[in-house]
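So for the sequence shown, this note's numbering puts the first residue at 2; every next one is plus one.
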Amino acid sequence: MTSNAISPCQQFPWNDTAPSHVDVAIVGGGFSGLVALVHLCRALPSGKFAVIECHPRRAPGVAYGGCDQEHLLNVPAGRMGPIADDMGSFHRWLDARMPGKFRADSFAPRALFGVYLTDFVLDEVARSGAHVSFVRGAVIDVRDAHSQVELTVVTSGDASHQGAHHQTIVAQCAVIAPGVPASPAPWAHIQRDVPSVALISDPWESGSLHGIDPDADILVLGSGLTAIDIVEGLRRAGHRGTIRMLSRNGRLPLPHADHGEPPLSMTKEQFTGSPAKVLSALRAAARQRMAGGLGWQGVIDAVRPHIPAIWKSWTASERRRFIRRARALWEIHRHRVPVQVLADITAQRQAGTLHIERGELLAVNSTASGNVAASVRGSDGVTHVHVVARVINCIGPAMDIRHTIDPLLGAMQRSGIATTDELGLGIRSDDDCRLMNANGVPHQRVVIAGALRRGDLWESTAVPDLRVHAARAAATLLAQLAGQQTKGRN
Ligand SMILES: Cc1cc2nc3c(=O)[nH]c(=O)nc-3n(C[C@H](O)[C@H](O)[C@H](O)COP(=O)(O)OP(=O)(O)OC[C@H]3O[C@@H](n4cnc5c(N)ncnc54)[C@H](O)[C@@H]3O)c2cc1C
2 MTSNAISPCQ QFPWNDTAPS HVDVAIVGGG FSGLVALVHL CRALPSGKFA VIECHPRRAP
62 GVAYGGCDQE HLLNVPAGRM GPIADDMGSF HRWLDARMPG KFRADSFAPR ALFGVYLTDF
122 VLDEVARSGA HVSFVRGAVI DVRDAHSQVE LTVVTSGDAS HQGAHHQTIV AQCAVIAPGV
182 PASPAPWAHI QRDVPSVALI SDPWESGSLH GIDPDADILV LGSGLTAIDI VEGLRRAGHR
242 GTIRMLSRNG RLPLPHADHG EPPLSMTKEQ FTGSPAKVLS ALRAAARQRM AGGLGWQGVI
302 DAVRPHIPAI WKSWTASERR RFIRRARALW EIHRHRVPVQ VLADITAQRQ AGTLHIERGE
362 LLAVNSTASG NVAASVRGSD GVTHVHVVAR VINCIGPAMD IRHTIDPLLG AMQRSGIATT
422 DELGLGIRSD DDCRLMNANG VPHQRVVIAG ALRRGDLWES TAVPDLRVHA ARAAATLLAQ
482 LAGQQTKGRN
């Protein structure tokens, strides 16, 4: 146990039996699904709800349930509160347990946020008196059924649903909050006879990084936040071998600004026009701020509330152009790391134990010694072979879900209940989070929350945005349920 550890007070009571009827079924027990649940419980204490989660972890979602005790949040503690008008709640909770240890602008460990979120949600559920079932299972279909919604849930069995048990939940309404599926492992078609233990598709899977020789060389695919987290986690676990990060752009996320810089306020009107115009306005504002001795980061934070409006103002081809030409640059400015984390990464590079390369993985083959020979074409066009003990997929979420192998997202697209945006970034929804079908007709009973809204909003990743979407999704369903009750009485 490290000094950052706080034992969880409570655990979600996951079980394998799905209720047959509920008012609202929530698909996904991550931050978005659980915060929607809290709003539903507060407003409808007589309600009957089910949260269905296919991968229960010790805390909600990959971000807070897959990390070690030292992985840090990338949003300051004082802004991580799950309810928009009480952003400071997490920091108050921290301060009550570890007085003075974290300031509101500190980057606290993600595991602590996981403990807090679990306690917060379970306390809210208990206080409300609502009836909530926490079901361990995968929802593989959501469809309309006689003015209600029917969900097929697969419980127990293995990941490919062999020997699994299918159950049906009939709900008045549903919240779809499954996050975005991970990118498929990039070696699917280029690996030959490599033992599966050497290719780690999901580094957040419990135990996936165990059993690695501490002196072995490792290849990490990706150089973003996940890649940094994994390198830092391996080092904390005592890994001494050389680590190579490989990505198409070879760029690391940039650091957060110094503590205590004054925030900047900018209007939407300062960012109008094509992606090129918006980016040039951002650069100009950043130069001006830096000329005043402050960090450019304030400009990115100031534009953030306007991103959905900017994104909506662009045509599909402008969005495509932004993604093709500017996304990589945007990501490293927008998704930043605490300064101390970057300092540690820099120290490893200087010591020669960490290399960051620009290039493309061409093939992975097994070697006689049981290692992996990874062929990489570098930015100079030359192919190098790295012999490593493990290749770890840290590429992050899929950027196009049109051809996803995710059973639920695939089924919903095939049945036509849901459709993606033109770029396949997410599932289409209206401003009230209602699922939209291919004809643009919003569903009255099914809403969506979480990163799957990124096709409509782009900025739909972190707590400050997701808590607003979860509240909106819940409010939409509460209005629908209230309307139904009124109709029933008349
Ligand atoms: C490593 C990492 C670090 C991050 N750090 C931060 C941070 O510091 N601050 C911040 O604000 N944000 C951070 N984020 C962003 C983070 O994703 C959001 O804050 C938030 O946790 C997303 O919650 P979600 O519920 O929308 O999605 P998820 O957390 O992905 O939760 C969705 C859940 O749905 C489940 N699910 C999926 N499909 C099904 C199905 N068919 N049936 C049943 N269950 C299903 C999944 O198992 C998952 O548990 C981080 C993300 C990652 C990956």
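Where a beta carbon is used, it is the ideal one built from N, C-alpha and C, also for glycine.
Under the rule that 16 or more other beta-carbon atoms within 10 Å means buried, what is residue i, buried or exposed?
i: residue 309; result: buried
i: residue 157; result: exposed
i: residue 54; result: buried
i: residue 66; result: buried
i: residue 3; result: The pLDDT assigned to residue 3 is 46, lower than 50, so where the model puts this residue is not dependable, and the model offers no usable value.
i: residue 109; result: buried
i: residue 286; result: buried
i: residue 477; result: buried
i: residue 363; result: exposed
i: residue 87; result: exposed
i: residue 172; result: buried
i: residue 19; result: buried
i: residue 489; result: exposed
i: residue 227; result: buried
Please report how far the alpha carbon of residue i lies from the alpha carbon of residue j, in whole angstroms.
i: residue 35; j: residue 311; result: 29 Å
i: residue 98; j: residue 236; result: 28 Å
i: residue 299; j: residue 225; result: 21 Å
i: residue 449; j: residue 177; result: 5 Å
i: residue 409; j: residue 154; result: 10 Å
i: residue 253; j: residue 229; result: 8 Å
i: residue 29; j: residue 338; result: 27 Å
i: residue 135; j: residue 377; result: 45 Å
i: residue 479; j: residue 432; result: 15 Å
i: residue 10; j: residue 114; result: 13 Å
i: residue 149; j: residue 174; result: 7 Å
i: residue 427; j: residue 33; result: 15 Å
i: residue 112; j: residue 147; result: 43 Å
i: residue 124; j: residue 93; result: 16 Å
i: residue 453; j: residue 206; result: 21 Å
i: residue 200; j: residue 391; result: 6 Å
i: residue 263; j: residue 90; result: 22 Å
i: residue 1; j: residue 366; result: In the structure as shown, the chain begins at 2 and stops at 491. Residue 1 is therefore absent and cannot be evaluated.
Give me whichever residues DSSP pairs with residue i in a beta bridge.
i: residue 49; result: 132
i: residue 72; result: DSSP lists no partner for residue 72.
i: residue 168; result: 154
i: residue 338; result: 256
i: residue 110; result: 73
i: residue 174; result: 25
i: residue 44; result: BP columns for residue 44 are empty, so no partner.
i: residue 379; result: 360
i: residue 271; result: Residue 271 is not bridged to any residue.
i: residue 140; result: 154
i: residue 385; result: 377
i: residue 437; result: 443
i: residue 54; result: 137
i: residue 183; result: 398
i: residue 448; result: 176 and 435
i: residue 365; result: 192 and 375
i: residue 149; result: 146
i: residue 392; result: 200 and 220
Please find out if some non-hydrogen atom of ligand 1 comes closer than 7 Å to the beta-carbon of residue i.
i: residue 423; result: no
i: residue 103; result: no
i: residue 467; result: yes
i: residue 34; result: yes
i: residue 257; result: no
i: residue 464; result: yes
i: residue 260; result: no
i: residue 20; result: no
i: residue 92; result: no
i: residue 179; result: yes
i: residue 222; result: no
i: residue 406; result: no
i: residue 60; result: no
i: residue 26; result: no
i: residue 75; result: yes
Compute the minimum distance between the beta carbon of residue i and the heavy atoms of ligand 2, and state whether it is under 7 Å.
i: residue 190; result: Within the structure as shown, ligand 2 is missing, the only ligands being ligand 1.
Is the Cβ of residue i closer than 8 Å to any Cβ of chain B?
i: residue 430; result: Protein chains in the displayed structure number just one, and chain B is not present.
Specify whether the segment 240-251 and the segment 205-224 touch according to this definition: at least 3 beta carbon pairs, one from each stretch, less than 8 Å apart.
Contact between the segment 240-251 and the segment 205-224 is present, because at least three Cβ pairs lie under 8 Å.
Could you tell me whether the segment 185-192 touches the segment 426-442, using the rule of 3 or more Cβ pairs below 8 Å?
Touching, no.
Within the chosen definition, does the segment 136-143 reach the segment 407-423 through at least 3 CB pairs nearer than 8 Å?
As far as the Cβ criterion goes, the segment 136-143 touches the segment 407-423, which means the pair count is three or higher.
Would you call the segment 391-400 and the segment 8-17 touching, i.e. three or more CB-CB distances under 8 Å?
No, the segment 391-400 is not in contact with the segment 8-17.
Could you check whether the segment 352-362 touches the segment 312-331, counting it as contact only if at least three pairs of C-beta atoms, one from each stretch, sit closer than 8 Å?
Verdict: no, contact absent.
Any contact between the segment 464-471 and the segment 69-84? By contact I mean 3 or more CB pairs, one from each, below 8 Å.
Counting Cβ pairs under 8 Å, three or more are found: they touch.
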